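The structure appears below as structure tokens.
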Amino acid sequence: MTPSPHLGDLYAVASTVCFAASNITVARGARRGADDNGAFISLLVTTVVAGGGWMILGALKGFEPVTWRAILWFIGAGAFTMFVGRVFFYSAIEHLGAMRASTTKRLIPFFSVMLGVGVLGEALTGGMVAGMLLILASFAVLVRGSMRAASPGTARGRGFNVGYIYGPVSALGYAMGYVLRKMGLADAHDAMLGAAVGCLAAVVLFATTATFNDSYARAVRSTFSRPNPWLVAAGALASGGQVFYFMALNESPMARVALVASVEVFVTLFLGAIFLRKSESLTPALLLAAFLGVAGTASVIAF
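Counting from 1, position 178 in the sequence shown corresponds to residue 1310 in the working numbering; the numbering is continuous, with no gaps.
Structure (structure tokens):
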């Protein structure tokens, strides 16, 4: 079957909406100081969805050949994207709110370029440099705007919010994981398997960390003893976003899918303005940061 860019665009839009809706439901369900912010249940749900998808597609179309080296790459990718990336992103939402945390995700292309040049030896173009500068400007505007006037319900009082550390750490984790996943897919062309293995690795890492970290232990216990419907919904939506993203990659070039996905921040802002208006506010600085971040992403991808 010939890949269809238009079908790929529809899948990419569906992925974007799912991820944005997941951001909103995390913000509705997670509360600062609560035992669980939804990260662990999200990993569990995504593992089940990706693993089930891999088995169903394999049964229908046949399983792709896999090497142990690819499995190791996928485990490493999961450790960074699912464990570092998603766990810290959920913490960023907990401290910043969905709107601002979503804007910090625009740092992923910035770190991706740095890793591509430094690790993979890719060429650095003028468009990439311009895009990186726009992304840095986006983050600077976001932090400055937050420090000048803290948003009600997200950052109490004036001063620096630790969420602005969690956000970049999450973005760096995602970027590093994408590099490792790219290496894994070069050995085994099965994105669904990569997602399943990566999620399972992240679940194991989270559970292992819970054996010596009390906050992680509380999150694991709370997931099973007091499941939060909002956080369960967030996990399901994030899983759907990931599945649709992989479906889009099967139909369209990666750059095209990434460009469509970059508007996730605007979908999150739109949904947040409707459903989170009692706890978060849409400010000119936040809108400017979102525009700069998406413009920077487009510059990195296009040039």
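Here a beta-carbon is modelled for each residue, glycine too, at the ideal position from N, C-alpha and C.
Note that this is a predicted model, so its numbers are computed, not measured.
Residue i, buried or exposed, once every other Cβ within 10 Å from all chains shown has been counted against 16
{"i": "residue 1326", "result": "buried"}
{"i": "residue 1227", "result": "buried"}
{"i": "residue 1241", "result": "buried"}
{"i": "residue 1188", "result": "exposed"}
{"i": "residue 1254", "result": "exposed"}
{"i": "residue 1401", "result": "buried"}
{"i": "residue 1200", "result": "exposed"}
{"i": "residue 1434", "result": "exposed"}
{"i": "residue 1267", "result": "buried"}
{"i": "residue 1429", "result": "buried"}
{"i": "residue 1287", "result": "The pLDDT assigned to residue 1287 is 43, lower than 50, so where the model puts this residue is not dependable, and the model offers no usable value."}
{"i": "residue 1338", "result": "buried"}
{"i": "residue 1271", "result": "buried"}
{"i": "residue 1293", "result": "buried"}
{"i": "residue 1318", "result": "exposed"}
{"i": "residue 1155", "result": "buried"}
{"i": "residue 1191", "result": "exposed"}
{"i": "residue 1357", "result": "exposed"}
{"i": "residue 1140", "result": "buried"}
{"i": "residue 1195", "result": "exposed"}
{"i": "residue 1343", "result": "exposed"}
{"i": "residue 1387", "result": "exposed"}
{"i": "residue 1289", "result": "At residue 1289 the pLDDT is 46, less than 50, meaning the model places this residue with poor confidence; the figure from the coordinates comes in the next sentence. By the 10 Å Cβ count, residue 1289 comes out exposed."}
{"i": "residue 1284", "result": "Reliability fails at residue 1284, whose pLDDT of 47 lies under 50, so the model's placement of it is uncertain and no value is given."}
Candidates the options, of which the one nearest residue i by Cα
{"i": "residue 1269", "options": "1418, 1244, 1170", "result": "1418"}
{"i": "residue 1222", "options": "1210, 1261, 1168", "result": "1168"}
{"i": "residue 1252", "options": "1217, 1310, 1152", "result": "1310"}
{"i": "residue 1218", "options": "1342, 1170, 1348", "result": "1170"}
{"i": "residue 1179", "options": "1411, 1334, 1342", "result": "1334"}
{"i": "residue 1323", "options": "1203, 1410, 1388, 1415", "result": "1203"}
{"i": "residue 1158", "options": "1360, 1383, 1405, 1423", "result": "1360"}
{"i": "residue 1409", "options": "1138, 1185, 1177, 1231", "result": "1231"}
{"i": "residue 1176", "options": "1332, 1229, 1343, 1358", "result": "1332"}
{"i": "residue 1372", "options": "1138, 1139, 1148, 1141", "result": "1148"}
{"i": "residue 1225", "options": "1345, 1216, 1236", "result": "1236"}
{"i": "residue 1395", "options": "1243, 1150, 1365", "result": "1150"}
{"i": "residue 1183", "options": "1416, 1414, 1211, 1374", "result": "1374"}
{"i": "residue 1207", "options": "1383, 1256, 1365, 1336", "result": "1336"}
Within 7 Å, strictly: CB atoms of residue i and residue j
{"i": "residue 1320", "j": "residue 1198", "result": "yes"}
{"i": "residue 1209", "j": "residue 1276", "result": "no"}
{"i": "residue 1273", "j": "residue 1427", "result": "no"}
{"i": "residue 1302", "j": "residue 1220", "result": "yes"}
{"i": "residue 1316", "j": "residue 1205", "result": "yes"}
{"i": "residue 1393", "j": "residue 1174", "result": "no"}
{"i": "residue 1363", "j": "residue 1161", "result": "yes"}
{"i": "residue 1299", "j": "residue 1233", "result": "yes"}
{"i": "residue 1172", "j": "residue 1351", "result": "yes"}
{"i": "residue 1412", "j": "residue 1229", "result": "yes"}
{"i": "residue 1380", "j": "residue 1186", "result": "no"}
{"i": "residue 1238", "j": "residue 1425", "result": "yes"}
{"i": "residue 1355", "j": "residue 1348", "result": "no"}
Integer-rounded CB distance, given that residue j should sit under 8 Å from residue i
{"i": "residue 1213", "j": "residue 1306", "result": "5 Å"}
{"i": "residue 1432", "j": "residue 1308", "result": "The Cβ separation is near 17 Å, so there is no contact."}
{"i": "residue 1143", "j": "residue 1376", "result": "5 Å"}
{"i": "residue 1304", "j": "residue 1243", "result": "5 Å"}
Within-7 Å CB hit, residue i to chain B
{"i": "residue 1395", "result": "The displayed structure is made up of one protein chain only, and chain B is not part of it."}
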